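Here is the structure we will look at.
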Amino acid sequence: MAEIQIGLVGLGGRGLGWLKLLQRLKGYRVVALCDPIVALHERALAVLENRAEVRRYQRYEDLLADPQVEAVALCVRCPEQGALAAEALLAGKHVSAEVPAAHSIEDCWHIALAAERSGRIFHLAEQTRYWGFVERWRQLVSAGRLGKITFCEGQYLGYYGTRQFFQDPATGQFCPVEDLARHPEARPTWLQGMQPIHYLPHELGPMLKVLDDRVVEVVGMGTDAPSAAHPQIHQADIQVALMKTEKGAVLRLAAGFTQPIPHRDHHWYQVMGTGGCVEWRRANHEKAKVWLADSGSTEWEEVDWGFAREDAPEEARNSGHGDADYYVHAAFCDAVLHGRPLELDLYRALDTAAPAILAADSIAEGSRPRRVPDFRPGPQRTLGQAPAGEAD
Ligand SMILES: NC(=O)c1ccc[n+]([C@@H]2O[C@H](COP(=O)([O-])OP(=O)(O)OC[C@H]3O[C@@H](n4cnc5c(N)ncnc54)[C@H](O)[C@@H]3O)[C@@H](O)[C@H]2O)c1
630 MAEIQIGLVG LGGRGLGWLK LLQRLKGYRV VALCDPIVAL HERALAVLEN RAEVRRYQRY
690 EDLLADPQVE AVALCVRCPE QGALAAEALL AGKHVSAEVP AAHSIEDCWH IALAAERSGR
750 IFHLAEQTRY WGFVERWRQL VSAGRLGKIT FCEGQYLGYY GTRQFFQDPA TGQFCPVEDL
810 ARHPEARPTW LQGMQPIHYL PHELGPMLKV LDDRVVEVVG MGTDAPSAAH PQIHQADIQV
870 ALMKTEKGAV LRLAAGFTQP IPHRDHHWYQ VMGTGGCVEW RRANHEKAKV WLADSGSTEW
930 EEVDWGFARE DAPEEARNSG HGDADYYVHA AFCDAVLHGR PLELDLYRAL DTAAPAILAA
990 DSIAEGSRPR RVPDFRPGPQ RTLGQAPAGE AD
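Heads up, the sequence shown is in my numbering, so the first residue is 630 and it goes up one at a time.
As structure tokens, then:
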């Protein structure tokens, strides 16, 4: 069977998860690894059965120069995430990138133009769009059961304690805030520099899929850094974005990494229309809810919607995040090996990044409203925001 010869970049926790999964999925062969922290290389090699044939790189440009690498799995966490994807595309590699796609509008343009010029595939591995309940909500909306959509909410409160904010740059070991006094070698990670609202792909991705829409305008507001909950962490606890879509719906999206929450169900969503509403559960022991205006009822009805999909193939089981992790790798494989169109194509992927980036910019500018560029080729690509000399 044909296999994608893939090089994985970024050997943190997520990269390690990808290696384990890619190794057991059909259509992939890991041929190279890359991370500037050499101390992380052995841990990654140790999960690979074909480790003897896997080449290791410290420098990204060396991995890109490897002619055997056909595709790059980008699992880095850094401000230049988007620029690295564009670089790989221009080097002739297909790219499957972790979320978010980019941290600047310029890098969104770089990805769009690099993919168009190179003809290579850019795939954003945003997996929550494949959840079972998201598909059920999409079907309800596209069948018109919720009427005209007026309001939609999504929030990601990714609170995992304080461990990801300080790290020993030599070993890659993370250090929780509570242990900092015993680890003078620990340094702030880039996550402290990242605006929390940039981490919206798991909210915008699935909700824009449900609505079949894109964001045209955004305004943001947030609490002030440092964190009120953990003052050693220089980050806002909560950032909120209000967005208007092309079809006229209003979205309220929120994100934060330092706001303590009582359980591990970090995502929450609701969609409202003139014909009814659906709402995700607030806590793990609750159920999702639906109310349809024509039901004759004035009460919400509880529904057994979940993460897993009833039509999931065996390979998807236990792949991660309610079986959703399987789907991103299957989609990339189908696109690269069999030419199948991506559900989350290049432009829809950028639709999940640009509004979030501009929400952070809006916060920095005292909540000034910002227009969101449409990266698709065509007359609307005239907002003058493409890098000089690069716009069509
Ligand atoms: N889809 C999901 O559910 C999900 C879950 C967790 C993380 N993520 C995403 O996965 C990515 C990695 O997350 P993580 O928790 O493993 O982060 P991490 O910080 O633990 O690891 C990232 C690794 O990338 C390396 N890196 C940074 N810049 C690099 C560069 N220029 N070239 C090569 N390597 C570089 C770092 O040295 C580090 O080892 C992030 O983008 C994050 O947003 C997604």
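Every residue gets a Cβ at the ideal spot worked out from N, C-alpha and C, and that includes glycine. The model shown is predicted, which means the values in this text are computed figures rather than measured ones.
What do you get for glutamate 994, buried or exposed, if any count of 16 or more other CB atoms within 10 angstroms of its CB means buried? Start at 1 with the first residue of the sequence shown, and residue 994 comes out as number 365. Glutamate 994 counts as exposed, since fewer than 16 other C-beta atoms from the protein chains shown sit within 10 angstroms of its C-beta.
According to DSSP, is lysine 918 helix, strand or coil? Within the sequence shown, residue 918 is the residue found at index 289, counting from 1. DSSP places lysine 918 in strand when its eight states are reduced to three.
Taking 7 Å as the cut-off, is the CB of glycine 885 close to at least one heavy atom of ligand 1? In the sequence shown, counting from the first residue as 1, residue 885 sits at position 256. It does not: the Cβ of glycine 885 is nowhere closer than 7 Å to a heavy atom of ligand 1.
Rounded to whole angstroms, how far is the Cβ of histidine 723 from the Cβ of alanine 700, which I believe are closer than 8 Å? Numbered from its first residue, the sequence shown carries residue 723 at position 94. Numbered from its first residue, the sequence shown carries residue 700 at position 71. Here histidine 723 really is in contact with alanine 700; their C-beta atoms are around 4 Å apart, less than 8 Å.
Given leucine 833 as reference, the closest of Ile862, Gln821, Ala870, Pro855 once Cα atoms are compared: To locate residue 833, count along the sequence shown from 1; it is residue 204. Answer by Cα proximity: Ala870.
What does the alpha-carbon distance come out to for the pair tyrosine 689 and leucine 669? Residue 689 sits at position 60 when you count from the first residue of the sequence shown. Residue 669 sits at position 40 when you count from the first residue of the sequence shown. The alpha-carbon atoms of tyrosine 689 and leucine 669 are separated by roughly 15 Å.
Inter-residue Cα distance where the pair is tryptophan 738 and leucine 820: If you number the sequence shown from 1, residue 738 lands on position 109. If you number the sequence shown from 1, residue 820 lands on position 191. Distance between tryptophan 738 and leucine 820, taken at the CA atoms: about 23 Å.
State buried or exposed for isoleucine 890, treating a residue as buried only when at least 16 other CB atoms are found within 10 Å of its CB. For the purposes of this step, residue 890 is identified with residue 261 of the sequence shown, where counting begins at 1. Counting every other CB atom within 10 Å of its CB across the protein chains shown gives isoleucine 890 a total below 16, marking it as exposed.
Measure the C-alpha to C-alpha separation of aspartate 1021 and arginine 1010 and round it to an integer number of angstroms. As a position in the sequence shown, residue 1021 is number 392, starting the count at 1. As a position in the sequence shown, residue 1010 is number 381, starting the count at 1. Residue confidence is low: aspartate 1021 scores 35 on pLDDT, short of 50, so the model does not pin down where it sits. Its coordinate-derived value is still stated next. Their Cα atoms are separated by approximately 7 Å.
With DSSP run on the structure shown, which of helix, strand or coil describes proline 1006? The residue labelled residue 1006 in the question sits at position 377 within the sequence shown. Three-state result, proline 1006: coil.
Whole angstroms are fine: how far does the CA of leucine 654 sit from the CA of valine 847? Within the sequence shown, numbered from 1, the residue matching residue 847 stands at position 218. Within the sequence shown, numbered from 1, the residue matching residue 654 stands at position 25. Valine 847 and leucine 654: Cα-Cα distance of roughly 39 Å.
Quick one: residues in its chain with C-beta nearer than 7 Å to the C-beta of arginine 767, no 5 flanking neighbours on either side, listed in chain order? By 1-based counting over the sequence shown, the position of residue 767 is 138. Within the same chain, arginine 767 has close Cβ partners Lys838, Val839.
Within the continuous beta strand (DSSP E) that includes glutamine 784, where are the two ends? Translated into positions along the sequence shown, residue 784 becomes position 155. Residues 778-786.
The beta strand (DSSP E) spanning isoleucine 633 covers which residue range? For this step, residue 633 is matched to residue 4 along the sequence shown. From DSSP, the beta strand (DSSP E) with isoleucine 633 extends over 633-638.
Do glutamate 671 and ligand 1 come close, with the Cβ less than 7 Å from some heavy atom? On the sequence shown, position 42 is the one that residue 671 refers to. Not so, every heavy atom of ligand 1 lies at least 7 Å from the Cβ.
State yes or no: is the C-beta of alanine 731 within less than 8 Å of the C-beta of glycine 711? The residue given as residue 731 occupies position 102 in the sequence shown. The residue given as residue 711 occupies position 82 in the sequence shown. If you check the CB distance, alanine 731 and glycine 711 come in under 8 Å.
What does DSSP give as the partner residues of glutamate 846 in its beta bridges? Locating residue 846 in the sequence shown gives position 217, counting from the first residue. DSSP links glutamate 846 through a beta bridge to Lys873, Arg1000.
By the 10 Å Cβ neighbour count, where 16 or more other Cβ atoms means buried, how is tyrosine 686 classified, buried or exposed? One-based indexing of the sequence shown puts residue 686 at position 57. So tyrosine 686 ends up on the buried side.
Just to confirm before moving on: does the CB-CB distance between arginine 706 and glycine 776 stay below 8 Å? By one-based count along the sequence shown, residue 706 stands at place 77. By one-based count along the sequence shown, residue 776 stands at place 147. With contacts defined by Cβ atoms closer than 8 Å, arginine 706 and glycine 776 do not form a contacting pair.
Under 8 Å, do glycine 951 and alanine 937 count as touching if we go by C-beta distance? Locating residue 951 in the sequence shown gives position 322, where the first residue counts as 1. Locating residue 937 in the sequence shown gives position 308, where the first residue counts as 1. Yes, these two residues count as a Cβ contact at 8 Å.
Roughly how many angstroms separate the alpha carbons of histidine 967 and phenylalanine 961, rounded to a whole number? The count along the sequence shown starts at 1 and reaches residue 967 at position 338. The count along the sequence shown starts at 1 and reaches residue 961 at position 332. Cα to Cα, histidine 967 sits roughly 10 Å from phenylalanine 961.
What would DSSP say about glutamate 709, mapped onto helix, strand or coil? Your numbering for residue 709 matches position 80 in the sequence shown. Here DSSP, grouped into helix, strand and coil, assigns glutamate 709 to coil.
Should alanine 661 go down as buried or exposed, given a rule of 16 or more other Cβ atoms within 10 Å for buried? Numbered from 1 along the sequence shown, position 32 holds the residue referred to as residue 661. For alanine 661, the number of other beta carbons within 10 angstroms of its own is at least 16, and it is reported as buried.
According to DSSP, is glycine 644 part of a helix, a strand, or is it coil? In the sequence shown, counting from the first residue as 1, residue 644 sits at position 15. Here glycine 644 sits in helix by DSSP.
When DSSP labels each residue in this structure, what does arginine 680 get in the three-state scheme? On the sequence shown, position 51 is the one that residue 680 refers to. Helix, per DSSP.
Under 7 Å: does the beta carbon of threonine 874 sit that close to some heavy atom of ligand 1? Taking the sequence shown and counting its residues from 1, one reaches residue 874 at position 245. Answer for threonine 874: no, Cβ out of range of ligand 1.
What distance in whole Å lies between the Cβ atoms of glycine 905 and alanine 922, which are believed to be in contact at a cut-off of 8 Å? Within the sequence shown, residue 922 is the residue found at index 293, counting from 1. Within the sequence shown, residue 905 is the residue found at index 276, counting from 1. Rounded, the Cβ-Cβ distance is 5 Å, consistent with contact.
Helix, strand or coil at alanine 959 [DSSP, three-state]: On the sequence shown, residue 959 is found 330 positions in, with the first residue counted as 1. If DSSP states are grouped into helix, strand and coil, alanine 959 belongs with the helices.
Pick helix, strand or coil for phenylalanine 794, following the three-state DSSP scheme. Taking the first residue of the sequence shown as 1, we reach residue 794 at position 165. Three-state result, phenylalanine 794: helix.
Would you say the beta carbon of alanine 922 comes nearer than 7 Å to a heavy atom of ligand 1? Taking the first residue of the sequence shown as 1, we reach residue 922 at position 293. Taking 7 Å as the cut-off, the C-beta of alanine 922 does not count as close to any heavy atom of ligand 1.
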